[in-house]
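Accompanying notes for the structure given below.
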Amino acid sequence: MAEDTKLWLKPISRRKFLALSAAAAGGVAALTTLSWGKKANAVSNSGSQDEGVKIVPTSGSHNCGGRCIVKAHVKDGVIVRITTDDAPDTEARPQLRACLRCRSYRNRLYHPDRLKYPMKKVGKRGEGKFQRISWDEAITTIAEQTKRIMQQYGPEAIYVHYASGNAGKVAERVWMQRLLGLYGGYLNYYGTYSTAQTQYATPYTYGTINTGNSREDWVNSKLIILWGWNPTETIHGTNTMYYLRRAKEAGAKIIVIDPRYTDTVIGLADEWIPIRPTTDNALMDAMAYVMITENLHNQAFLDKYCLGFDEEHMPPGIPPGNSYKSYILGLGDDKTPKTPEWAEAITGVPRNTIIKLAREYATMKPAALLQGWGPQRQAYGEQFVRGGTVLAAITGNVGISGGWASGAGYQARSQKIGSIPIKNPCKASISCFIWPDAVKRGKGMGAADGVQGVERLSANIKLIFNLAGNTLINQHSDCNATARLLQDESLVEFIVVSEQFMTPSAKFADILLPADNYMERDDIVTPWGFGDYLLYMNKAVDTVFECRNGYDWVADLADKLGLKEQFTEGRTLEDWLRYIVDETRKNHPEFPTYEEFKQKGYYQWQYPEPAIAFKKQIEDPANNPFPTPSGKIEIFSERLWKMNNPQEIPAIPKYVPSWEGPQDPLREKYPLQCITPHYRRRSHSTFDNVPWMEEVAPQVVWINPIDAKVRGIKDGDKVKVFNDRGAMILPAKVTPRIMPGVVSVPQGAWWSPDANGVDQRGCANVITKYHPTPLAHGNPQHTNLVQVAKA
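For what it's worth, my numbering labels the leading residue of the sequence shown as 101, then goes sequentially.
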């Protein structure tokens with residue numbers, strides 16, 4: 101398609117779009133009262149009531165917290181309207197409705213700033229200056245640099261960067277990993293920026309991350325505690341709010357613990373408990389103190405299923421005073437009972453609130469303590485994770501309907517979905533968060549640095565493939581320092597970026613490739629974390645300009661490297677999608693054929709009853725031990741004890757005062773704690789350049805009226821948020837919906853520094869610190885002290 105007006109169409113009215121925005125804050129059910137026009141048919145390629153319109157069932161493959169049914173209405177090769185799931189909305193099969201982000205998708209698809217041609221860097225890396233080149237020149241250059249770096253440094257110098265912008269089964273990074281695996285290998289990574297601490301720490305208690313019942317079981321809970329969890333905005337699995345509402349309608353009391361009075365508090369909560377960031381474990385410790393001293397804990401459960409609660413149930417050879425109970429009662433080394441008064445001074449949560457919360461969780465059974473992922477993204481987030489698992493065990497809420505084992509909370513039931521075969525002969529792996537260390541000092545890094553699979557790394561990272569990701573700069577800690585690192589071309593020698601827009605990360609490419617859009621490709625997507633379904637992304641419209649699908653250009657690269665036959669196996673992209681379906685059908689014979697799946701656009705499994713995590717372990721422990729070394733719930737972990745770092749990695753979960761927390765002396769200079777939550781208008785940094793979403797939720801810093809008053813700040817004032825790492829300018833939202841001493845800057849805004857390096861967009865990562873957590877070597881980006889002043 102030529103560069104013509106066909107790409108930029110008559111928009112949907114903003115009034116109707118913003119009406120949907122208001123409804124979304126109230127939850128999924130409110131959307132049923134609004135219509136985007138005539139009802140769409142549910143079958144691919146069928147005509148609608150509008151003459152000449154074809155309706156294509158598809159989805160999105162963003163890391164957006166939900167995967168939903170999206171229907172593209174196509175006329176004359178152009179998407180003229182977007183609707184969502186309109187199948188019967190039943191308890192057994194609630195609709196998979198898209199949120200505002202995908203409903204605004206034409207803004208993104210037909211955005212005039214889409215990248216259109218392959219380009220190469222001119223000038224210094226990071227300046228964002230590029231020259232158009234041909235695809236052949238781009239692929240030839242990438243092939244030459246890949247050969248050179250592989251020969252000179254070996255596979256551990258080649259890194260496919262953490263990138264979640266495309267989570268499809270045939271995303272660009274999947275093909276690059278397949279190709280590099282055939283070519284000799286690449287440095288792998290483990291963990292995620294979102295969940296590093298919970299994925300790493302939860303198995304030290306339970307031996308697995310699959311610690312959650314399926315969501316339809318929440319209706320059986322009498323009490324649900326949402327600890328640092330805001331599914332109204334994060335979605336956290338399509339229809340999560342639906343299942344929470346069902347639980348509330350069935351009589352469950354819902355308590356939200358969060359520094360902010362979030363949309364989830366507004367829509368669901370019976371009680372809001374604000375807490376200072378990074379102090380969650382102090383509150384957990386005090387809750388345990390109340391339970392133990394008032395004899396509310398489930399001693400019979402602890403005796404039968406747990407290791408390390410008290411001195412009578414410790415591993416052999418551990419000195420006295422190291423049990424969890426000894427720590428809580430002040431009988432251990434610190435001699436400090438973890439009383440509600442002790443916790444109040446740290447957390448800001450009143451003593452009486454702590455006592456009431458502990459009594460309710462211990463007595464209102466069954467109860468579910470659901471741990472969000474925000475509180476584990478802090479300096480000692482691993483302690484928060486394990487602290488929640490221990491509270492669940494103390495109250496006996498593990499392995500029962502209506503309960504919840506806490507921790508990572510991935511549901512106990514899952515399906516085996518086929519994948520593209522990838523074999524990486526390189527065994528070395530690093531935490532995805534510590535790649536800057538692997539750039540600066542990779543050669544020689546070992547287990548103490550988070551390296552797995554090999555004793556030591558043999559090379560620094562020299563080549564980065566950043567495919568559909570903005571974590572190279574925007575989503576990583578300390579943008580300014582990261583930019584300086586990447587600007588030094590003696591460190592990373594070559595960077596390849598595949599993108600749809602000139603993001604902050606794309607500006608650091610040496611070769612920049614224009615990617616196709618999700619409406620321009622076929623793919624298969626799994627649910628985001630929770631759900632029993634699979635979605636087919638049907639291509640709705642043709643790719644524009646010189647944008648290409650990842651499989652096509654990686655196959656060309658494979659040809660340049662002499663591996664095309666091995667890479668493609670003679671298959672087209674559709675052949676590979678058939679392969680995924682065929683592999684899925686081997687595990688699930690009930691799954692439809694490829695043709696049936698593609699036409700309908702989704703398949704949903706049905707189960708007769710909820711899945712209950714650890715049900716077998718609780719009902720028949722002799723034949724079903726927990727998948728831990730001891731076969732029990734490990735409140736005390738010998739594996740952690742043997743790491744011999746009790747101050748930062750204790751064998752039992754403890755409150756560890758955080759750097760840049762409320763007890764850090766740095767508060768004299770920077771007195772406010774800054775958190776960086778998710779925002780409904782973006783999927784991380786995706787959609788930040790969509791104009792309508794800016795109207796839905798503008799980028800602002802939340803500040804309490806008490807903190808605003810002493811600084812002379814009024815609602816709407818432009819303010820400067822800063823610390824030693826950087827500064828940003830953005831409007832202030834003065835609101836009692838955030839507790840005093842805490843400010844909030846939504847993560848994901850595109851880093852936009854002016855000539856003086858001051859960010860003008862409100863990119864949260866100009867003030868976050870690059871300081872990996874001690875156990876998971878993960879992301880601590882909610883651990884920040886700042887000052888705020890009128891700009």
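Backbone N, C-alpha and C fix where the C-beta goes; we use that ideal spot for every residue, glycine too.
Query                                                                                                                                                                              : Result
Identify whether Phe697 lies in helix, strand or coil by the three-state DSSP scheme.                                                                                              : helix
Can you list, in chain order, the residues of its chain with a C-beta nearer than 6 angstroms to that of Ala238? Leave out the 5 residues immediately preceding and following it.  : Pro218, Ile611
How long is the line joining the alpha carbons of Pro836 and Ile366, rounded to whole angstroms?                                                                                   : 13 angstroms
Rounded to a whole number of angstroms, what is the C-alpha to C-alpha distance between Glu683 and Met637?                                                                         : 18 angstroms
Going straight from the alpha carbon of Asp859 to that of Ile829, what length do you get?                                                                                          : 6 angstroms
Say whether the region 694 to 703 touches the region 358 to 373, bearing in mind that this needs 3 or more beta-carbon pairs closer than 8 angstroms, one atom from each stretch.  : no
For Thr868, count the other beta carbons within 10 Å of its own beta carbon; 16 or more makes it buried, fewer makes it exposed. Which is it?                                      : buried
Within the same chain, show all residues whose beta-carbon is closer than 7 angstroms to that of Tyr293, passing over the 5 residues directly before and after it, in chain order. : Tyr262, Cys532, Phe533, Thr571, Gln575, Asn879
Looking only at its chain, what residues have a beta carbon closer than 6 angstroms to the beta carbon of Glu738, apart from the 5 residues adjacent to it on each side?           : Pro415
Which residues bound the alpha helix (DSSP H) around Cys202?                                                                                                                       : 200 to 203
In whole angstroms, what separates the C-alpha of Ala528 from that of Gly284?                                                                                                      : 13 angstroms
Can you list, in chain order, the residues of its chain whose CB lies under 7 angstroms from that of Gly126, leaving out five sequence neighbours each side?                       : Note that Gly126 scores 37 on pLDDT, short of 50, meaning its location in the model is unreliable; the coordinates nonetheless yield the value given after this. Excluding residues within five positions, the ones whose Cβ falls inside 7 angstroms are Gly367.
Report the rounded CA-to-CA distance for Val153 versus Met384, giving the unit in angstroms.                                                                                       : 57 angstroms
Could you say which of Ser558, Gln600, Asn163, Asn617 lies nearest to Ile179 if we only look at CA atoms?                                                                          : Asn617
Sort Ile258, Arg197, Leu885 by Cα distance to Lys562 and report the nearest one.                                                                                                   : Ile258
Which residue marks the beginning of the alpha helix (DSSP H) containing Cys579, and which one marks its end?                                                                      : 579 to 587
Please say whether Thr626 and Ile517 have beta carbons closer to each other than 8 angstroms?                                                                                      : yes
How far does the beta strand (DSSP E) with Trp327 in it reach, from first residue to last?                                                                                         : 323 to 327
What ranges does the beta strand (DSSP E) occupy inside the region 230 to 306, keeping only unbroken runs of at least 3 residues that lie completely in it?                        : 230 to 232, 258 to 260, 288 to 290
Identify every residue that forms a DSSP beta bridge with Leu567.                                                                                                                  : Ser598
Among the candidates Ile530, Thr190, Leu591, whose CA atom is the shortest distance from the CA of Tyr290?                                                                         : Ile530
Mark Lys348 as exposed unless 16 or more other C-beta atoms lie within 10 angstroms of its C-beta, in which case mark it buried.                                                   : buried
If you check the beta carbons only, do Ala298 and Val485 fall under 8 angstroms apart?                                                                                             : The sequence given here has Thr at residue 298, not Ala. Cβ distance < 8 angstroms, so Thr298 and Val485 count as in contact.
Determine the direct distance from the alpha carbon of Pro440 to that of Leu396, and round the result to whole angstroms.                                                          : 15 angstroms
Measure the C-alpha to C-alpha separation of Lys438 and Arg451 and round it to an integer number of angstroms.                                                                     : 12 angstroms
Asp815 and Ala832: beta carbons closer than 8 angstroms?                                                                                                                           : yes
Gly223 to Glu589, Cα distance in whole Å?                                                                                                                                          : 12 angstroms
Which whole-angstrom value is the C-beta distance of Gln773 and Pro791, which I expect to be below 8 angstroms?                                                                    : Not quite, the Cβ-Cβ distance comes to about 32 angstroms (not below 8 angstroms), so this is no contact.
By Cβ distance, which residues of its chain are closer than 6 angstroms to Arg780, with the 5 residues on each side in sequence left out?                                          : Glu333, Ala797
Could you tell me which of Gly165, Ser159, Val156 sits nearest to Phe630, measuring between CA atoms?                                                                              : Gly165
Check whether the region 310 to 330 and the region 355 to 364 are in contact - that is, three or more C-beta pairs closer than 8 angstroms.                                        : yes
Check whether the Cβ atoms of Ala505 and Leu323 lie closer than 8 angstroms to each other.                                                                                         : no
Quick one: residues in its chain with C-beta nearer than 6 angstroms to the C-beta of Glu593, no 5 flanking neighbours on either side, listed in chain order?                      : Lys562
Got a sec? Which residues, its chain only, sit under 8 angstroms from Asp213 by beta carbon, not counting five neighbours each side?                                               : Phe601, Met602, Asn789
Which same chain residues, not among the five before or five after Lys716, have their C-beta less than 7 angstroms away from its C-beta?                                           : Asn724
Ignore the nearest five residues each way along the sequence and tell me which others in Tyr343's own chain have a CB closer than 8 angstroms to its CB.                           : Arg315, Glu316, Trp318, Val319
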